[in-house]
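Data block below; observations after.
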DNA sequence: CTAGGGTTAG
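Residue numbers (UniProt numbering): 1 to 588.
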């Protein structure tokens with residue numbers, strides 16, 4: 001009360017139609033009783049970071065920077081705006097922070113900073129003779145649980161016991177959550193059993209533990225026993241079923257929910273997307289009464305994962321139409337979609353849009369997606385400048401760049417970059433080799449291809465996958481070494497997949513090798529009878545040497561099987577997408 | 001002589 005009371009006796013403690021703009025308009029008309037607002041009231045009305053800065057100015061102006069009560073509130077508000085740096089700088093000016101203030105600053109770091117940072121603040125707190133209480137531990141333990149840092153969590157558990165706060169329901173719930181998430185389900189259960197009182201939080205934490213562990217039976221048993229069921233308990237149980245692909249039980253429970261919320265919908269949508277059932281995912285999405293950013297994101301990345309980038313882009317613009325501001329997750333999804341459709345105009349728009357909505361493109365997954373998108377869409381100049389600007393280049397970004405160079409015909413540069421990557425100490429994996437082999441085959445670099453194929457096996461002990469073989473076959477086939485390609489395909493340990501045979505068929509077409517082409521085509525008709533492309537290839541082979549009877553024969557068989565060449569997609573002119581599609585990318 | 005903590009979805 002000190003501030004408020006003490007303040008109220010002196011006029012300086014009030015805010016007379018203050019310089020704090022966000023309050024001015026509200027009191028502008030109350031001319032009869034001029035407004036006098038305490039800092040405490042200002043906190044309640046504080047809506048933006050700007051407001052908070054204004055309050056901060058006022059605190060300094062009044063010389064209240066050392067006031068633990070006010071600074072605590074300030075820190076909490078700062079936390080809610082996710083601005084931990086600001087909170088910390090203000091905190092650091094307080095010479096004698098009290099327990100509550102320490103707890104607040106720790107909580108803020110738990111949410112936004114790294115675990116080691118947070119723990120070092122906790123250590124500073126202990127060094128200044130502050131005794132942690134029941135409020136100190138839950139956020140600390142929670143951040144261990146988030147990072148699955150069981151070792152650190154156990155140390156904290158030890159301290160919990162030492163400071164005698166293990167009976168506290170909040171502390172205990174956070175410990176149950178920690179052990180449950182880290183798979184120490186026995187420990188979690190023990191702590192749960194020993195509780196003198198439990199509430200919906202502790203029950204749910206325990207259910208989550210079992211659900212993550214895959215013991216859905218025990219999870220369900222608890223769920224049915226809960227005296228105090230919560231919407232989070234329902235969500236946890238449903239998500240457990242979804243994670244372990246028991247969609248029947250998940251849906252059954254979902255239908256029984258008294259009030260279905262976004263979280264439950266999102267769990268289901270993510271699950272259906274993961275198993276490739278976009279129809280059901282979309283069905284659920286469409287029937288939602290209201291949608292938040294997370295569920296939009298789930299749907300977009302669902303479409304991306306299932307190779308339907310056009311749908312993803314549509315959904316994105318639908319979302320903009322509903323005036324929802326996209327976040328990082330959404331934009332990463334959109335960028336993956338754009339990479340798949342390879343539309344340079346869209347890529348350019350996204351690139352500038354990111355800055356417009358102030359998304360931090362230095363964050364790793366954003367940067368990676370952005371480089372990938374520019375590379376895929378043919379803006380190698382932009383991709384290169386982003387890539388070279390990265391402080392630490394990782395395998396993913398290298399691969400994006402190499403693939404970008406590859407698909408735009410710069411095989412030699414791709415090879416250089418791959419070698420630079422290895423020289424820089426980044427270890428290539430199987431995907432990296434697929435990318436470089438594809439680059440070699442695309443540019444006809446037979447010798448380099450052989451070199452990488454051997455290096456992969458000898459230097460990195462990577463067993464060549466069907467994809468690796470397919471790249472080599474493509475490479476040899478296009479170079480006219482059909483014999484070698486055939487030998488390679490015969491040497492494959494596993495049954496060659498359609499990609500390998502398809503590469504060979506393409507080579508036969510290229511070099512007008514009818515005899516081999518016929519054999520390979522027959523093989524392909526067997527492996528993927530539904531793919532019209534193989535029939536088209538064979539008929540092209542015949543057409544190239546004027547065997548028109550055979551051409552019509554193949555066409556007839558194709559018709560017989562009711563196969564048609566896939567129509568080009570027409571998503572551009574249905575009004576969702578504001579750009580022209582660019583067919584050729586010649587930015588190299 | 002105030003205030004600060006734990007469970008659910010991308």
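Every residue, glycine too, gets a C-beta built ideally from N, C-alpha and C.
Asked                                                                                                            : Found
Stretch-stretch touch, CB-based, cutoff 8 Å, three pairs: the region 477-485 with the region 494-513             : yes
Beta-carbon gap between residue 435 and residue 399 smaller than 9 Å                                             : yes
Contact check, residue 164 vs residue 213, beta carbons under 9 Å                                                : no
Backbone CA spacing between residue 245 and residue 280 [nearest angstrom]                                       : 14 Å
Start and end residues, alpha helix (DSSP H) containing residue 127                                              : 115-127
Supposed contact pair residue 310 and residue 341 - C-beta distance, whole angstroms, cut 8 Å                    : 6 Å
Beta-carbon proximity check, residue 328 vs residue 302, cutoff 9 Å                                              : no
Contact check, residue 387 vs residue 373, beta carbons under 9 Å                                                : no
Start-to-end residues for the alpha helix (DSSP H) that takes in residue 514                                     : 514-527
Element boundaries [alpha helix (DSSP H), containing residue 384]                                                : 380-388
Continuous alpha helix (DSSP H) stretch holding residue 131: start and end                                       : Where residue 131 is concerned, there is no enclosing alpha helix (DSSP H), given that its DSSP letter is neither H nor E.
Whole-number beta carbon distance between residue 441 and residue 416, since they are thought to touch under 8 Å : Actually they are not in contact, since the Cβ atoms of residue 416 and residue 441 sit about 17 Å apart, beyond 8 Å.
Continuous alpha helix (DSSP H) stretch holding residue 558: start and end                                       : 548-560
Residue 110 beta carbon less than 9 Å from that of residue 154                                                   : no
As assigned by DSSP and simplified to three states, the class of residue 163                                     : coil
Alpha helix (DSSP H) segments (min. 4 residues) lying fully within the UniProt repeat "PPR" (292-326)            : 293-305, 309-321
9 Å Cβ cutoff met for residue 119 and residue 140                                                                : yes
Residue 316 and residue 293 closer than 9 Å at C-beta                                                            : no
Local Cβ density within 10 Å of residue 103, reported as buried at 16 or more and exposed below that             : buried
The alpha helix (DSSP H) enclosing residue 478, as first and last residue numbers                                : 466-478
Inter-residue spacing [alpha-carbon to alpha-carbon] between residue 562 and residue 529                         : 11 Å
Inter-residue CB distance, residue 106 and residue 88 (contact presumed, cutoff 8 Å)                             : Contact flag wrong, Cβ pair sits at about 11 Å.
Whole-angstrom C-beta distance between residue 237 and residue 223, which should lie under 8 Å                   : 5 Å
Residue range of the alpha helix (DSSP H) that includes residue 532                                              : 532-544
Residue 69 versus residue 312 - alpha carbon distance                                                            : 48 Å
Residue burial classification, residue 320 (beta-carbon count within 10 angstroms, cutoff 16)                    : exposed
Alpha helix (DSSP H) segments (min. 4 residues) lying fully within the region 53-104                             : 68-80, 84-91
Coil, strand or helix - residue 22 by DSSP                                                                       : Unreliable positioning characterises residue 22 in this predicted model, as indicated by a pLDDT of 41, which lies under 50. A coordinate reading is not provided.
Residue from 426, 433, 557, 536 with nearest C-alpha to residue 406                                              : 433
Cα-Cα separation between residue 592 and residue 173, rounded to whole angstroms                                 : One cannot answer for residue 592 here, as it falls past the ends of the chain, which runs 1 to 588.
For residue 266, three-class secondary structure by DSSP                                                         : helix
CB contact flag (residue 230, residue 204, <9 Å)                                                                 : yes
Reduced DSSP secondary structure (H/G/I, E/B, other) of residue 377                                              : helix
Element boundaries [alpha helix (DSSP H), containing residue 173]                                                : 169-181
Inter-residue Cα distance where the pair is residue 430 and residue 216                                          : 35 Å
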